[in-house]
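Everything in the sequence shown is counted per my numbering, starting at 156 for the first residue and increasing by one. Using N, Cα and C, we set each Cβ at its ideal position, and we do this for glycine too. The model shown is predicted, which means the values in this text are computed figures rather than measured ones.
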Amino acid sequence: MLGLFRRNTYHSVSTLTQRMALLTLCERIQPLSLPQYEQAEQSLESFYDWLFDLSSIKAPAYAGHYTLLNSDKTRFSEQLELLSTSHQLPVIVTNCHESILSVLSGFVGRNRDVGIVSIGPSFQLKATLNVELGSAFHFALSRYNECRLLCLGIDDTNQDSKTFEYAEDLGCNWLLNQECDFRHRLTVKQNVATYLSRCDDVVVDIDLASLSKEPRWDGEKSLDVDMVLRMVGQCLESKKVRAIQLTGLRDSHWYSRHTKHILHELCQRFARSDNEFTKS
156 MLGLFRRNTY HSVSTLTQRM ALLTLCERIQ PLSLPQYEQA EQSLESFYDW
206 LFDLSSIKAP AYAGHYTLLN SDKTRFSEQL ELLSTSHQLP VIVTNCHESI
256 LSVLSGFVGR NRDVGIVSIG PSFQLKATLN VELGSAFHFA LSRYNECRLL
306 CLGIDDTNQD SKTFEYAEDL GCNWLLNQEC DFRHRLTVKQ NVATYLSRCD
356 DVVVDIDLAS LSKEPRWDGE KSLDVDMVLR MVGQCLESKK VRAIQLTGLR
406 DSHWYSRHTK HILHELCQRF ARSDNEFTKS
């Protein structure tokens, strides 16, 4: 499914020599209450065991669970650096998009253009004085001049005109939800390719709440999981991806068949890559 925009086909991944490592991360960002944070922390701490329980998929390396509190921030940064030097791609399951700020801190300041590929319905550009839910990419673009943003799957019914104007002022690129279905796969592919050509390093963020193979009961627009996998696959083929972040807010986002499907597809992809690299 991670082939590039063709149904049920795969491209060679013999040049992809990275391996995958899974991390879980929990952070308390306003306005999350303490009980909400504690519940998320407990759920994410046991996520790895659930993901590969009785699974036929070869489990990736588990690089630990982190809370981003005091010394844990340093430990998390050191782990990311260790994974980078050992050519392992960190795949981070977290409770808030704002965790990407800690991820980005390890890749900026190297005179390289860093691209964020956000797959989800929101720009996450809430302009606040302090970091809070919804402000992830506002702070990423404000803090780091070398960062740029591509949003795939924006729900224009839930974004006001001021947000679109702000995104344009920041130089963001985006495709709307209705422009990210299979019928528009070539347009998506071309836009992603153009964006990737302008980046040296890439961090991917996937909004787990937006994934579905069926219409959402609450009326919000969903993204097709297969299309999300194709987008991620194209990013990985560029060999510029330095981290993938999967973001949810509650158990129904992390412990879902869509999340498991994405992670199992990633595991299979890296397993094939590892096997082909070993044979070469």
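Can you pull the DSSP bridge partners for residue i?
i: residue 273; result: 306, 360
i: residue 180; result: 221, 249
i: residue 378; result: 366
i: residue 287; result: 185
i: residue 396; result: 357
i: residue 384; result: In the DSSP output, where bridge partners are listed per residue, residue 384 has none listed.
i: residue 174; result: 243
i: residue 402; result: 249, 362
i: residue 216; result: 176
Which term fits residue i, buried or exposed, when burial requires 16 or more other beta carbons within 10 angstroms of its beta carbon?
i: residue 205; result: exposed
i: residue 326; result: exposed
i: residue 242; result: exposed
i: residue 425; result: buried
i: residue 363; result: buried
i: residue 403; result: buried
i: residue 216; result: exposed
i: residue 213; result: exposed
i: residue 295; result: buried
i: residue 266; result: exposed
i: residue 279; result: buried
i: residue 201; result: exposed
i: residue 245; result: buried
i: residue 420; result: buried
i: residue 332; result: buried
i: residue 222; result: buried
i: residue 322; result: buried
i: residue 441; result: The structure shown does not extend to residue 441, since the chain spans only 156 to 435, so no value can be given for it.
i: residue 372; result: With a pLDDT of only 46 at residue 372, under the threshold of 50, the placement of this residue in the model should not be trusted, and no figure is reported.
i: residue 397; result: buried
List the endpoints of the continuous alpha helix (DSSP H) containing residue i.
i: residue 222; result: Unbroken run through residue 222: none, as it is neither H nor E.
i: residue 353; result: That residue, residue 353, is in no alpha helix (DSSP H); it is neither H nor E in DSSP.
i: residue 316; result: 316-324
i: residue 203; result: 202-206
i: residue 257; result: 255-259
i: residue 339; result: Counting along the chain, residue 339 falls outside any alpha helix (DSSP H), and DSSP gives it neither H nor E.
Compute the beta-carbon to beta-carbon distance between residue i and residue j, rounded to the nearest angstrom, for a pair I have assumed lies under 8 Å.
i: residue 329; j: residue 199; result: Not confirmed; about 29 Å, so no contact.
i: residue 400; j: residue 336; result: The Cβ separation is near 23 Å, so there is no contact.
i: residue 236; j: residue 269; result: Rounded, the Cβ-Cβ distance is 16 Å, inconsistent with contact.
i: residue 232; j: residue 188; result: About 27 Å; that fails the 8 Å criterion.
i: residue 283; j: residue 182; result: Not confirmed; about 16 Å, so no contact.
i: residue 247; j: residue 341; result: At roughly 30 Å, the Cβ-Cβ gap does not stay under 8 Å, so residue 247 and residue 341 are not in contact.
What are the start and end residues of the beta strand (DSSP E) that includes residue i?
i: residue 330; result: 328-331
Inset, instruction - Tell me, please, whether the stretch 351-358 touches the stretch 387-398 by the rule of three or more beta-carbon pairs shorter than 8 Å. - result: yes
Inset, instruction - Kindly confirm or deny that the stretch 282-290 and the stretch 410-419 touch, where touching means at least three C-beta pairs closer than 8 Å. - result: no
Legend entry - Inter-stretch contact (C-beta, 8 Å, three-pair minimum) for the stretch 253-266 and the stretch 333-347: no
Legend entry - contact_flag[the stretch 300-315, the stretch 266-275] where n(CB pairs < 8 Å) is 3 or more: yes
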